[in-house]
Every structure is written in C-alpha cells, then in structure tokens.
Amino acid sequence: MHKSAVDTDSVETPAVRVVGAVKRFGSSMALAGLDLQLRPGEWLGLLGANGAGKTTAMHSIAGLINLDDGIIEVFGQRVSGPQPQLIGWVPQEIALYPHLTARENLGAFGRLNGLRGPQLGEAMSWALSWTGLESRADERVTAYSGGMKRRLNIACGVLHRPRVLLLDEPTVGVDPQGRERILGMLEEVRQDGTALLQSTHEFGDLERTSDRLVIMDEGRSIASGTLGELVAETVGNHAALTLEIEGKLSPDQFGDNVCCDGSTLAATLGDVVEELPRLLEDVRRAGGHVVQLDVRRPGIAEVFMQLTGRDLRE
Amino acid sequence: MIRTVFMISLLSVLRDRVALVLTFVLPLVFFSVFAAVFAPMDTASTHAVQTIVVADVGETFASHLADRMAAQPGLVVERRETEARASALAEVHVGHVGVVLILPSGLEPAVPGKSPGNGEVELHADRSNPLAAELVRGLVQSSAAELLAETYFGADPGEVREPLPVLVIDAVGAGGKRPSISFFAAGLGVMFLMFAVTGRSAILLEERESGVLGRLMAARVGMTRLLLGRWLFLAVLGATQVLVMFVWAALAFGLDLFTPRHLAGFAVTTIAVAAAAAAFGLILSVACRTRTQLNGVAVVVILTLSVLGGNMFPSFLMPEGIRELGRWTFNSWALEAYRKVFWYDRPLHELLPQIAALLAATLVFLFLARWIARRWERV
Chain A
0 MHKSAVDTDS
10 VETPAVRVVG
20 AVKRFGSSMA
30 LAGLDLQLRP
40 GEWLGLLGAN
50 GAGKTTAMHS
60 IAGLINLDDG
70 IIEVFGQRVS
80 GPQPQLIGWV
90 PQEIALYPHL
100 TARENLGAFG
110 RLNGLRGPQL
120 GEAMSWALSW
130 TGLESRADER
140 VTAYSGGMKR
150 RLNIACGVLH
160 RPRVLLLDEP
170 TVGVDPQGRE
180 RILGMLEEVR
190 QDGTALLQST
200 HEFGDLERTS
210 DRLVIMDEGR
220 SIASGTLGEL
230 VAETVGNHAA
240 LTLEIEGKLS
250 PDQFGDNVCC
260 DGSTLAATLG
270 DVVEELPRLL
280 EDVRRAGGHV
290 VQLDVRRPGI
300 AEVFMQLTGR
310 DLRE
Chain B
0 MIRTVFMISL
10 LSVLRDRVAL
20 VLTFVLPLVF
30 FSVFAAVFAP
40 MDTASTHAVQ
50 TIVVADVGET
60 FASHLADRMA
70 AQPGLVVERR
80 ETEARASALA
90 EVHVGHVGVV
100 LILPSGLEPA
110 VPGKSPGNGE
120 VELHADRSNP
130 LAAELVRGLV
140 QSSAAELLAE
150 TYFGADPGEV
160 REPLPVLVID
170 AVGAGGKRPS
180 ISFFAAGLGV
190 MFLMFAVTGR
200 SAILLEERES
210 GVLGRLMAAR
220 VGMTRLLLGR
230 WLFLAVLGAT
240 QVLVMFVWAA
250 LAFGLDLFTP
260 RHLAGFAVTT
270 IAVAAAAAAF
280 GLILSVACRT
290 RTQLNGVAVV
300 VILTLSVLGG
310 NMFPSFLMPE
320 GIRELGRWTF
330 NSWALEAYRK
340 VFWYDRPLHE
350 LLPQIAALLA
360 ATLVFLFLAR
370 WIARRWERV
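As they're listed, the protein sequences go chains A and B. Taking numbering that gives the first Met the number 0, the leading residue of the first sequence gets 0, the next gets one more, and so forth. Taking numbering that gives the first Met the number 0, the leading residue of the second sequence gets 0, the next gets one more, and so forth.
And the structure:
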C-alpha cells in the first residue's frame, strides 16, 4: 500500500468536521444544520432513508457544492472547493469511461488527481491487485460485471491515496458475495490509515464494518455513536426472544415480560445467559416442546425505527 | 391487446416532450427556414450579377448596347473605357465581379444585308456562379437584338436573324477546375463537421449523467480546463474529418488540393473552421440537459445554419436579404475562405478577414460555453 499524501497532522484533528451545515435547493432543505465528525482512520457510517441528505452531505464535504450556512473542515482546513490531495470521491454512479479499459481508467483518474510517472504506475499496479482485476485490466469496462465495475469505481477514487475517502452507496446493486469483497477492500484501506465516510441505507453491512454510525433524517444528524451506544440509548440492550412451540400454552403460566399466543412465545431478555434457561424450563414444565428458537439483539434498524418512526428502507 | 399497445405508444409519445418536438415542431421549423430562404425567389429577383462593361464611348453601337445592359434589372453594371480592360479583367479574376463584358468596335455590321462585323463580344465570366454567364449572354443578345431592330427594322427584333457573336471565356476556373466539387467539398464538409463535433461533444452530457463529471470536479480538473480539453479534441477531430473529405474529393473527383498554395490555404482555413465548430458544439452540449435534447437541437440549429450559410445551396440562388443574413453565420465565412483558396487561387494573406472572423467566433463561442457551464459547477 502507498503512503498517504499528507502525514503530518495531529491525530487529534478530526479528519472531517461538519458544523451546522445548511443547504437549500429552492424550497427544499437538503441539509438542515448537519453536525458530523469523522476521526482519522475511522470508518463512519452515514445512515438515512432516501432523501435524508446523505448525498448532499457527501457532496458538501467533497467540495462539490457550496453550503448556505455552516462549516466543513478537512484536517482542520476549511473546505472551499475540491481537495483531491485529502479527499477521494466515490460517487454512487459507476463513474467510469465505459469504452476505456480498467488500466486506462485508472491511468486517467490517477493523472487527473495529480499522479505522474512511476508513482502513477505503482498506484495502478496496486489498484489492479487490490480490486482483483489484474487479469482483466486491458478489457473495456463495458465487458465487466456489475461487481467488477463497482470495485474499479472505488479504485479510481482511492488510487491517489487520499486521507479521507467518501463513499456514496459503494455497494448498491452488488450481490452479497461482491459486497463482501468490496467491504474487505475498504477494510484494507482503513487499516492503512484512511478515514472512511460511507453513506448507505444497507444497514446490515455497516453494523459489521463501521466504527461509528451517524443517523441522518431530514437533513440533520439525529444520533451518532457506536452501534452498542445507539442501541443502548434508544431501544435498550434487551434481546428479543421468539419460541415456536408444539403444544398449547396458556399466557397465565408466564411472567409479564412474556407474551404468548398459544404456539408462539415472545419475550425480552435483559440477560440472555441467565434468563433463557429459566424460561425454557418454564416452557417444558408447562408441557410445551420448543421447535424453533430465535434470539435477536436489536440493531440499527430498530434504532432507526425508534428514532424516526420509519423503516430505514422507506 | 392491440388497443393497449397503441395506448402505451400514445402515452409514451405524449409524455416525451423531445419526441413531440422532433415529430411536430422540427418539420415546421425546417419548412419555415426553407420557405423563408427560397420562397422570395418566386417573386423577387435573385442576387443581381455584378458586371463590368468595357466599351469605347466613341463607338455608337457599343455605347448604346452598354447603356441598355446597364438598364437591365438583373445586372449591376459598372462601365469602363477600353483602356481599363486589364483592370476590369483583374476584378473578375479575384471574384469582385461575376462578369466582364467587352464590347469591341465593329459590332454594328452584324445585321442581315450588311457585311459581317469584324468583332465579337467577349464575356469573361467567373464560373463559380454558373448562372451569371448565361444570364449576361442572354441579356447581351436580347439587348443587341432590340437595338438593331430599332435602328434597322422599325423596332421588330424578330427581323434580326443573326445573333451577335459572343465569346464566353472562363476568367477563373479554367484549366480543369471543378467548381461544383470545391463547393460541395467545402459545403458538406463544414456541415458534417458541425454535426460531428456536436455529436462528440455529447460526451459532456454522458459524463454528467454517469457521475464522471462530479469525479472530475472533485479531482479539481475545473470546468475551464475540462471544456478546453474537450474543445481541443473536437477541433482536432473536426479538422481531421474535413481533411479526409477534401483528400477524397481530390483523389476521387479531381479537386485541386495538392499544390502548395492550396494546401496552405486549406490548412489555415480548416484549422480555423474546426476551432469555431468545436466551440459551437460545446455551446450546444452545455446548453442541453440530455443527449436526446442535444440531438434534436443540433439537427435544427445545424441545418438552419447550413441553409443560411450556403452549405447546402449556393448563395447566388438566394435573395439578397437571406444572403445578408447568411453572412452572420460562421460557416459562411469558412465557405468564403475555401472559395478564395480553391476557386480564386488567392494567396494566404487574403484569407485574413475570414480567418479572423472564424477565430473571433471561436473565442465568443468558448466564452459562451464556459458561461453556460457554470450551472454544472458548485451550486
């Protein structure tokens, strides 16, 4: 992996700091006072339903649009336009030249981002290896699968090794296998010290990969923190238990935290290790036979629902 | 089932504004342009032929004939003395006038019952307008017939059986030149140049739709550099296209391209017109929102410019008002420059007005394109 373009900033300086960002498009308010902070080397997930303002936030940080109000800083520098040395931009669309090969696309975007000579050659070799496209580097992009295009799309934004990588829905439309591969690639970049800001409404991936999450709604950040913190602060850490039972049980046989409709039993458990065996014993004594058991911790979907009253995918 | 398919088609068309415009408005636009250009020909004269009549004022018949020619509505006549023959011929050689008519002494006896005249009318013509020579020759004959009839037969031209001898000489275009080939090579070449560069300039719209434009802006390429890069490519592409057209015209149809003077004039003109056309294509592409819109707009604008500028029909077929309008189109300057090169054999420095106009148009177009493209930048 290549070294980042700038190595001298203090680790305390946020990679990205957004304070009170406001952006209007006509009568529509895309950003309504967004606050956000991305730490160096951090993977921050930006979650929100469609129209929440995620893409506008990303465009603002990339220096592609002017804010009506508020401040954006990247490593302490006020953003007044694009800063390609610091920021890599991966748009949601497959922003590639379809009639060029992967090598030619990488070469073009590398040059446009200031790479030249051996540095460019080295970066291209790394990118082809990183994306697993070495064997098809000289094929035109039109011949690639969706997942390959997505990987190349990301590579063109990372090639010049920015310190901050903005990823707008980088895995949209990719099959689970392809998504895993992309997330693995991004983890490599993060391990190398690049701060990632990824917008998505695919919360499943972010639950696993991101260090922290910011939830956006109607142009604002309505919550931020680690998944555990968000869950604890909103829906609590109780696990949701569901049992499918053979035999008819009466609700009177269980406590207040148990809901039973005969063949299905649902309960919230504070301490699964302690409470689950006890509940299973109660079921056995009541004459029930458990055929299926599901214990589920609340996740970002429940947090989002709790905060906004809407499903994340709406 | 058929009804459903029909209804789907109908609704699709009704809700596609571009399709509606192309289907219903475009034909009207074209009809209107062509009608405006050519309908006046039904009622008004076309461009009058600039003519110099060289005649000896001491020669009665020639002098009277010159007077009659000057009175013809289809001609704009300037009279000169026989001593000015050389300077008059120089005028037709450089294309300032269409015809020089030389009326020698001794024409009068060419009437029945008299001894044959010892001279003949010389008609030196610029064949870039093939109608001019025929028009003037006809007018000479009819004027002479009227004059002779009035003088000898009591105003009945029918009595004049022997026509006045008229020798038509190609003042320019002699020696195997192909005026129609150079006209079509230049006219069609420039028209397709405009289509080609506008078509390729659509890459800007594709970049915008695919997100590449955002990526380019994030890389700090900047709109000015992006447009200049595109313009340079389009200009090179356009110049190459015109080069191919002229080389083909030379090899297959005998266009006189491969002489030092013609090659130099061709190169300068082609670079200038390709630069202007490329900048023009940029304007169209940044002004449109989609490729479909660009295609529709390009067809209307380019064909209109081509008709007015004289790419499709020679401008001598057009009424004077339309010719004047055509002079405001950049493609007409290109055609004028090519005509000077291939038809009048003019040296490079005489192309200066046309080249300057094309370069000025390039700068104006580039400035406009940059100004319109502001909407694609930071908002």
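Note that the Cβ used here is the ideal one computed from N, Cα and C, for glycine as well.
By alpha-carbon positions, which one of the options ends up nearest to residue i?
{"i": "residue 218 of chain B", "options": "A:224, A:175, A:32, A:61", "result": "A:61"}
{"i": "residue 305 of chain B", "options": "B:282, B:199, B:346, B:193", "result": "B:193"}
{"i": "residue 272 of chain A", "options": "A:263, A:237, A:209, A:89", "result": "A:237"}
{"i": "residue 104 of chain B", "options": "B:85, B:81, B:91", "result": "B:81"}
{"i": "residue 87 of chain B", "options": "B:59, B:106, B:341, B:53", "result": "B:53"}
{"i": "residue 332 of chain B", "options": "B:95, B:279, B:354, B:125", "result": "B:354"}
{"i": "residue 209 of chain A", "options": "A:235, A:225, A:254", "result": "A:225"}
{"i": "residue 173 of chain A", "options": "A:147, A:194, A:195", "result": "A:147"}
{"i": "residue 286 of chain A", "options": "A:219, A:301, A:261", "result": "A:261"}
{"i": "residue 105 of chain A", "options": "B:214, B:329, B:373, B:243", "result": "B:214"}
{"i": "residue 225 of chain B", "options": "B:369, B:9, B:328", "result": "B:369"}
{"i": "residue 329 of chain B", "options": "B:343, B:352, B:346", "result": "B:352"}
{"i": "residue 337 of chain B", "options": "B:94, B:195, B:58", "result": "B:94"}
{"i": "residue 77 of chain B", "options": "B:57, B:49, B:89, B:64", "result": "B:49"}
{"i": "residue 23 of chain A", "options": "A:59, A:44, A:72", "result": "A:59"}
Does any CB atom of chain B fall closer than 7 Å to the CB of residue i?
{"i": "residue 61 of chain A", "result": "yes"}
{"i": "residue 166 of chain A", "result": "no"}
{"i": "residue 149 of chain A", "result": "no"}
{"i": "residue 243 of chain A", "result": "no"}
{"i": "residue 112 of chain A", "result": "yes"}
{"i": "residue 161 of chain A", "result": "no"}
{"i": "residue 273 of chain A", "result": "no"}
{"i": "residue 94 of chain A", "result": "yes"}
{"i": "residue 90 of chain A", "result": "yes"}
{"i": "residue 83 of chain A", "result": "yes"}
{"i": "residue 5 of chain A", "result": "Because residue 5 of chain A carries a pLDDT of 38, less than 50, the predicted location of this residue cannot be relied on, and the following value inherits that uncertainty. With 7 Å as the cut-off, residue 5 of chain A does not count as an interface residue toward chain B."}
{"i": "residue 17 of chain A", "result": "no"}
Take residue i and list the residues in its own chain whose beta-carbon comes closer than 7 Å to its own, dropping the five residues that flank it on each side.
{"i": "residue 385 of chain B", "result": "This structure cannot settle anything about residue 385 of chain B, because the visible part of chain B is limited to 0 through 378."}
{"i": "residue 121 of chain B", "result": "101, 166, 168"}
{"i": "residue 21 of chain A", "result": "30, 31, 32, 66, 67, 68, 69"}
{"i": "residue 397 of chain B", "result": "Absent from the model: residue 397 of chain B. The displayed extent of chain B is 0 to 378, so no value can be given."}
{"i": "residue 265 of chain B", "result": "245, 256, 340"}
{"i": "residue 182 of chain B", "result": "313"}
{"i": "residue 207 of chain B", "result": "375"}
For residue i, which residues from the same chain have a beta carbon less than 6 Å from its beta carbon, with the 5 sequence-adjacent residues on both sides left out?
{"i": "residue 87 of chain A", "result": "156, 157, 161, 164"}
{"i": "residue 245 of chain A", "result": "288, 290"}
{"i": "residue 282 of chain B", "result": "364, 367, 368"}
{"i": "residue 83 of chain A", "result": "112"}
{"i": "residue 127 of chain A", "result": "133, 136"}
{"i": "residue 8 of chain B", "result": "none"}
Any beta-carbon of chain A closer than 7 Å to the one on residue i?
{"i": "residue 241 of chain B", "result": "no"}
{"i": "residue 213 of chain B", "result": "yes"}
Quick one: residues in its chain with C-beta nearer than 8 Å to the C-beta of residue i, no 5 flanking neighbours on either side, listed in chain order?
{"i": "residue 139 of chain A", "result": "97, 98, 99, 100"}
{"i": "residue 325 of chain B", "result": "307, 308, 309, 314, 317, 331"}
{"i": "residue 191 of chain B", "result": "240, 244"}
{"i": "residue 205 of chain A", "result": "44, 46, 197, 199, 212, 299"}
Are the C-beta atoms of residue i and some chain E residue less than 7 Å apart?
{"i": "residue 301 of chain A", "result": "Looking at the structure shown, chain E is missing, and the protein chains on hand are A and B."}
> What residue ranges within the stretch 60–94 of chain B form continuous alpha helix (DSSP H) runs of no fewer than 4 residues, ordered along the chain?
Replying inline: 84–92
Any C-beta of chain B within less than 8 Å: which residues of the stretch 124–139 of chain A qualify? none
**OP:** Go through the stretch 94–121 of chain A residue by residue and report every complete run of the alpha helix (DSSP H) that reaches 4 residues or more, in order.
**Re:** As far as the stretch 94–121 of chain A is concerned, its whole alpha helix (DSSP H) runs of at least 4 residues are 101–111.
Q: Quick one: which residues of the stretch 40–54 of chain A get their C-beta closer than 7 Å to a C-beta of chain B? List them in chain order.
A: Within the stretch 40–54 of chain A, no residue qualifies.
Check your understanding: When you check each C-beta in the stretch 181–192 of chain A against every C-beta of chain B, which residues fall closer than 8 Å?
Key -> Those residues of the stretch 181–192 of chain A that come within reach of chain B (Cβ to Cβ, closer than 8 Å) do not exist; the list is empty.
Length-filtered (4 minimum) alpha helix (DSSP H) runs lying within the stretch 18–63 of chain A: 53–60
key: Contact set between the stretch 199–227 of chain B and chain A, restricted to residues whose Cβ is under 7 Å from the partner   = Flagged, chain order: 209, 210, 211, 213, 214, 215, 216, 217, 218, 219, 220.
Complete runs of the alpha helix (DSSP H) confined to the stretch 110–191 of chain A [at least 4 residues]
If one requires a minimum length of 4 residues, the alpha helix (DSSP H) runs lying completely within the stretch 110–191 of chain A are 116–130, 145–157, 175–190, in chain order.
Near-chain B residues of the stretch 231–260 of chain A (beta-carbon distance less than 9 Å), N- to C-terminal order:
none
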